[in-house]
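> Quick one: the structure is below, and I'll ask about it shortly.
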Amino acid sequence: MLLVFRLCLLLLCAAPAAALALPANKPTPGYARVAIETSVGTIIVAVDLKRAPRTSANFLTYVDDGRFDGVTFYRAARRKSNARLGLIQGGIDTDLRRSLPPIPH
Numbered sequence: 078m079l080l081v082f083r084l085c086l087l088l089l090c091a092a093p094a095a096a097l098a099l100p101a102n103k104p105t106p107g108y109a110r111v112a113i114e115t116s117v118g119t120i121i122v123a124v125d126l127k128r129a130p131r132t133s134a135n136f137l138t139y140v141d142d143g144r145f146d147g148v149t150f151y152r153a154a155r156r157k158s159n160a161r162l163g164l165i166q167g168g169i170d171t172d173l174r175r176s177l178p179p180i181p182h
């Protein structure tokens with residue numbers, strides 16, 4: 078368990094370095110950029126508005142409403158084939174008042 082925690086922490090610490098490789102100030106058509114501020118740095122994510130319009134809109138609503146403020150991550154991983162790509166998982170499972178109704182998929 079400690080090894081998994083250390084690995085997740087390492088990935089989370091390394092994620093800002095990968096994000097710096099992306100031009101944060103250059104808009105990308107069809108994507109919305111969101112900065113996630115963490116205690117170990119900033120993670121820049123690109124939200125694909127074209128391929129996942131409902132999910133993107135739902136995520137951006139949570140961001141704009143501040144519903145993710147103060148939440149924690151419980152998983153982080155990177156693709157071995159491309160270190161610039163990965164995922165982070167976190168959420169608001171401890172405070173259901175922050176949750177919006179589910180969206181249809």
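Everything in the sequence shown is counted per my numbering, starting at 78 for the first residue and increasing by one.
Just so you know, even glycine gets a beta-carbon here, dropped at the ideal spot from N, CA and C.
Excluding the 5 residues flanking Gln-166 on each side, which residues of the same chain have their C-beta closer than 8 Å to its C-beta?
Working through the sequence shown from its first residue, we reach residue 166 at position 89. So the qualifying residues of the chain are Phe-150, Tyr-151, Arg-152, Ala-153.
> Kindly indicate the opening and closing residues of the beta strand (DSSP E) around Val-111.
Walking along the sequence shown from the start, residue 111 turns up at place 34. From DSSP, the beta strand (DSSP E) with Val-111 extends over 108-115.
> Use the C-beta contact count for Ile-120: other C-beta atoms within 10 angstroms, 16 or more gives buried, fewer gives exposed.
The sequence position of residue 120 within the sequence shown is 43, counting from 1. Buried, since its Cβ has 16 or more Cβ neighbours within 10 Å.
> Report the residue from Arg-155, Asp-141, Thr-105, Ala-160 whose alpha carbon sits nearest the alpha carbon of Arg-175.
Within the sequence shown, numbered from 1, the residue matching residue 175 stands at position 98. It is Asp-141.
> So, helix, strand or coil for Leu-162, using DSSP?
On the sequence shown, residue 162 is found 85 positions in, with the first residue counted as 1. Of the three classes helix, strand and coil, the one that applies to Leu-162 here is coil, per DSSP.
> List the whole-angstrom C-beta distance separating Arg-144 from Ile-169, where the pair is believed to meet the contact cut-off of C-beta under 8 Å.
Within the sequence shown, the letter at position 67 stands for residue 144. Within the sequence shown, the letter at position 92 stands for residue 169. Yes, they are in contact, since the Cβ atoms of Arg-144 and Ile-169 sit about 6 Å apart, within 8 Å.
> If I follow the unbroken beta strand (DSSP E) through Asp-183, where does it start and stop?
For the chain, the structure presents residues 78 to 182; residue 183 sits outside this window and is missing.
> What's the C-alpha gap between Gly-163 and Ile-113?
In the sequence shown, the residue the question calls residue 163 occupies position 86. In the sequence shown, the residue the question calls residue 113 occupies position 36. Answer to the nearest angstrom: the Cα atoms are 14 Å apart.
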